[in-house]
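Under this note's numbering, read the sequence shown as residues 34 to 629, first letter to last. Glycine included, every Cβ here is placed at the ideal spot set by N, Cα and C.
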Amino acid sequence: MSTYVAPVKDMLFAMNELAGLQEITTLPGNEEVSLDLVEAILDEAGKFASEVVDPLNPVGDKQGNKWKDGVVTTADGFKEAYASFCETGWNGMPASTEFGGQGLPVTVSTAVLEMWKSASISFSLCQMLTLGAVEAIAHHASDELKATYLPNMVSGKWTGTMNLTEPQAGSDLAAIRSKAEPRGDGSYAISGTKIFITWGEHDMAENIIHLVLARLPDAPPGVKGISLFIAPKFLVNADGSLGERNDLICASIEHKMGIHGSATAVMSFGDKGGAIGYLVGEPNRGLEYMFTMMNHARLNVGLEGVGVSERSYQHALAYARERIQGKIIGDKSGEKKPILHHPDVRRMLMDMKSRTEAGRAIAYYVAGCMDRAKSHPDADVRAANQRRLELLTPVVKGWCTENAQGITWNGVQVHGGMGFIEETGAAQYMRDARIITIYEGTTAIQANDLIGRKTAKEGGKSMQQLLADIAETGTALRNTGDAGMKDLADALGDGIAALDEATHWLLANYDSNPQAAAAGSVPFLKLTGIVVGAWLMARSAQIAAGRLDGADAGFYKAKLATAAYFAKHVVPEANSYRDAIVNGAAEVLALEEALF
C-alpha cells in the first residue's frame, strides 16, 4: 500500500499562478496571511494527512460503522484522529474568526481540504458537512442561535448535518413531507424521516446539530413552503451545557458501495411527539437558506473529485514503479523493468495526472474567484468574480467528479488483475469515487443549472466573457513565437470554437425546445470543463516555459508535458461533445417509452 504525499508544490503553483494568491493576501481581512505562512500551513496539513488520516482510509473501508439501537460506532482510530484533528485547529481553519475559526482565504483552505479528501473522503465528510452547516447558520440564523451553536461547531466539539432527502423526495425537494408544528414557546415539534444523512450519527463528537427542511402547518405547496430548522441531538441549556436527548434517532445506516468509513444514516424525527427544533431565519425560505450550505458543499464535492483522483494516481504510480511484468516493447537492453516503461501504462498515468492537474486548476481558480467576490474593495471586480464563480461552480462539481470516475478506473487498470483484488487498495478509490457524481446534486442537476440559470437565463453573457478571456490567453501563447505554445494555442482555439458553437445552439433552442437543450446538458458541462481546463493548463505551461533554468526545472518540465498531453488527448473530446449537443438531441429523445 502506498502512502499519500500531499502535492504541495503543485498546490502552491495553482494557488499562486492561477488563483492569484498574492493578490488575495492583500484583500481586506487577509492582512496577516503571507505566502510563507501559507506554505507552512500546507506543509503541516500534508504531514497530518499522511500520518494520521491516510492510515484510517483502509481501516474505515474494511470495518465500516456499527449500528445498534440507534448508536453508531466508528471504525478503529476515527474517534482518536478526529479529536486530534480538532485539537490542532484543522476543523475550524476555514471558518470566520468571529466564531473561533482562523478566517483564512478560501483559496488556502481549498488546498488543505483537498488533502483531507485525498487521504480519506469518509473522514473529510464530517468536517465538510459541519462547515456547510456553519455557513448556513452564520448567514441566516438569529444572533442567539449563532451564539448557541457556532463556537462549538467551528471547534469541532459539535458536528453538523444536512437533512434534505426523504424516501419520496430525492432531488425533487418539492415533495418533502416532514412537518414542523409550533410549540407555543418559539420552538417547533419536528416529525418525519430523512434518508442519506451523511455522518447523521456517530461517536466522535458530544453533540450533532441537524439542519432539517420541514413544512409549517400553513406552508404553501412546493419548494416555496419549505422552512429550515436546527434540531440538535442533545438540547442545549441556557448556560451552554447539554440537556436531555432530543426526540430524534438514527433508525439505521446504509450498506454502501463505498465511503464505508462514513455512516450514512436514516434519521427519524418525532417518534415520541416531536423533535424540538428552532426556525432559522424566516418561514418558507428554507430551501434558499439551505443552498448556502449546498453551494459550499458542491464546490467541496468537486474537490473530492480532485482529491480521490490524486490519491488514485499516486497509488497507481507507486505500483507501476515497482511491478515487474512482461517485456517492454522496443526495449533491447534485456533488463527487467517496471511496468511504468510500458507505453500504455504511461498513457494511463499521463491521463490520470493531466486530468487531475486540470481539475485542481479549476477548483483553485474558482476558490480565488470566491475570495475576490467576497473581499475585493472594487464593487465591479467583486461582481465580475461572483458571476464567474456562479458560472463555474456546477463545472467544478460536475466535471471534476466525472473525471474522477475515469481516473480511478484507470487506477485499477494500471494494477492489472491485482487491481481487482481488494488488498491492493486500488479498488477502494474507484468505489469511493462513485458517489461523488450523485450526492449534492447529480451531474445532470449541475448541467441543467449550467445551461439554465448560468447561461440561457442571462443570454450567455458570462459564458461569452469567459470565452473572451480564454481567447486572450491563446493570443498571448501565439505571440511567444514558441512552437509548443502555438500547439497549445491551436488546441485552445479548437476548444473555444466548439464551446462557442454549442453555446449559440443552446441559446437558440433553450426556450423553444427545452428537452433538446436538456438532452445535451451533460455534454455541455463536460465541454465547458475541458475548455476551461485546457485554458488553465495552457496558462500553466506558459509560466513553466519561462522557468526551466531554475532549481525546479523538473517540476516545470512536467508542467509542460501534462499541458501538452491535455491539449493532444483531452481537448479533441470537445468536438465530440459539441456534435452531441448540436446534432444529437433528436436521437436521445427518439425512442418510444415502450421500446426501451
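Between the CA atoms of residue j and residue i - distance to the nearest angstrom
| i | j | result |
| --- | --- | --- |
| residue 174 | residue 219 | 14 Å |
| residue 608 | residue 110 | 48 Å |
| residue 126 | residue 197 | 26 Å |
| residue 590 | residue 458 | 30 Å |
| residue 540 | residue 520 | 30 Å |
| residue 570 | residue 189 | 37 Å |
| residue 547 | residue 422 | 25 Å |
| residue 291 | residue 378 | 26 Å |
| residue 192 | residue 186 | 6 Å |
| residue 474 | residue 506 | 32 Å |
| residue 5 | residue 157 | In the structure as shown, the chain begins at 34 and stops at 629. Residue 5 is therefore absent and cannot be evaluated. |
| residue 538 | residue 544 | 11 Å |
| residue 456 | residue 85 | 20 Å |
| residue 550 | residue 557 | 9 Å |
| residue 425 | residue 486 | 12 Å |
| residue 332 | residue 159 | 15 Å |
| residue 338 | residue 107 | 24 Å |
| residue 370 | residue 389 | 26 Å |
| residue 297 | residue 613 | 37 Å |
| residue 50 | residue 394 | 10 Å |
| residue 355 | residue 439 | 23 Å |
| residue 492 | residue 561 | 16 Å |
| residue 117 | residue 577 | 38 Å |
Residue i in three-state terms, based on DSSP
| i | result |
| --- | --- |
| residue 563 | helix |
| residue 22 | Outside the shown range of the chain, which is 34 to 629, sits residue 22, and nothing can be said about it. |
| residue 573 | helix |
| residue 101 | strand |
| residue 253 | coil |
| residue 556 | helix |
| residue 268 | strand |
| residue 542 | helix |
| residue 604 | coil |
| residue 118 | helix |
| residue 398 | helix |
| residue 221 | strand |
| residue 231 | strand |
| residue 196 | strand |
| residue 60 | coil |
| residue 111 | helix |
| residue 141 | helix |
| residue 512 | helix |
| residue 418 | helix |
Distance between beta carbons of residue j and residue i, contact taken as under 8 Å
| i | j | result |
| --- | --- | --- |
| residue 375 | residue 155 | The Cβ separation is near 33 Å, so there is no contact. |
| residue 171 | residue 183 | 6 Å |
| residue 567 | residue 604 | 5 Å |
| residue 68 | residue 58 | 7 Å |
| residue 87 | residue 36 | 6 Å |
| residue 381 | residue 279 | Going by Cβ atoms, the distance from residue 381 to residue 279 rounds to 50 Å, so no, they are not a contact pair. |
| residue 234 | residue 105 | 4 Å |
| residue 281 | residue 301 | 7 Å |
Proximity winner among the options, relative to residue i (alpha-carbon distances)
| i | options | result |
| --- | --- | --- |
| residue 466 | 381, 441, 162 and 321 | 441 |
| residue 349 | 177, 463, 272 and 238 | 463 |
| residue 277 | 288, 301 and 309 | 309 |
| residue 631 | 326, 77, 575 and 565 | With the chain represented from 34 up to 629, any question about residue 631 goes unanswered, as that position is not in the structure. |
| residue 398 | 37, 52, 241 and 43 | 52 |
| residue 472 | 101, 45, 148 and 231 | 231 |
| residue 262 | 242, 253, 273 and 481 | 242 |
| residue 316 | 213, 356, 596 and 425 | 213 |
| residue 246 | 530, 487 and 228 | 228 |
| residue 532 | 343, 480, 387 and 497 | 497 |
| residue 23 | 268, 216, 270 and 233 | Here the chain has residues from 34 to 629 only, and residue 23 is not among them. |
| residue 303 | 224, 267 and 273 | 224 |
| residue 598 | 97, 323 and 384 | 384 |
| residue 236 | 266, 256 and 222 | 266 |
| residue 341 | 268, 580, 222 and 152 | 152 |
| residue 373 | 358, 366, 44 and 135 | 358 |
| residue 130 | 96, 117, 63 and 118 | 63 |
| residue 480 | 469, 439 and 552 | 552 |
| residue 437 | 404, 450, 468 and 415 | 468 |
| residue 526 | 508, 517 and 584 | 508 |
| residue 283 | 453, 73, 226 and 623 | 226 |
| residue 327 | 167, 495, 73 and 561 | 167 |
| residue 81 | 124, 201 and 314 | 124 |
| residue 285 | 450, 100 and 92 | 100 |
Which runs of the alpha helix (DSSP H) fall wholly inside the region 429 to 507 and span at least 4 residues, in chain order? The region 429 to 507 contains these whole alpha helix (DSSP H) runs: 459 to 466 and 476 to 484.
Of all the beta strand (DSSP E) runs that stay within the bounds of the region 268 to 333, which reach a length of 3 or more residues? At a cut-off of 3 residues, the continuous stretches assigned as beta strand (DSSP E) that sit fully inside the region 268 to 333 are 275 to 278, 281 to 286, 297 to 302 and 308 to 312.
Runs of alpha helix (DSSP H) lying entirely within the region 35 to 88, each at least 4 residues, in chain order: If only uninterrupted alpha helix (DSSP H) runs of at least 4 residues are considered, those enclosed by the region 35 to 88 are 41 to 46, 54 to 57 and 68 to 81.
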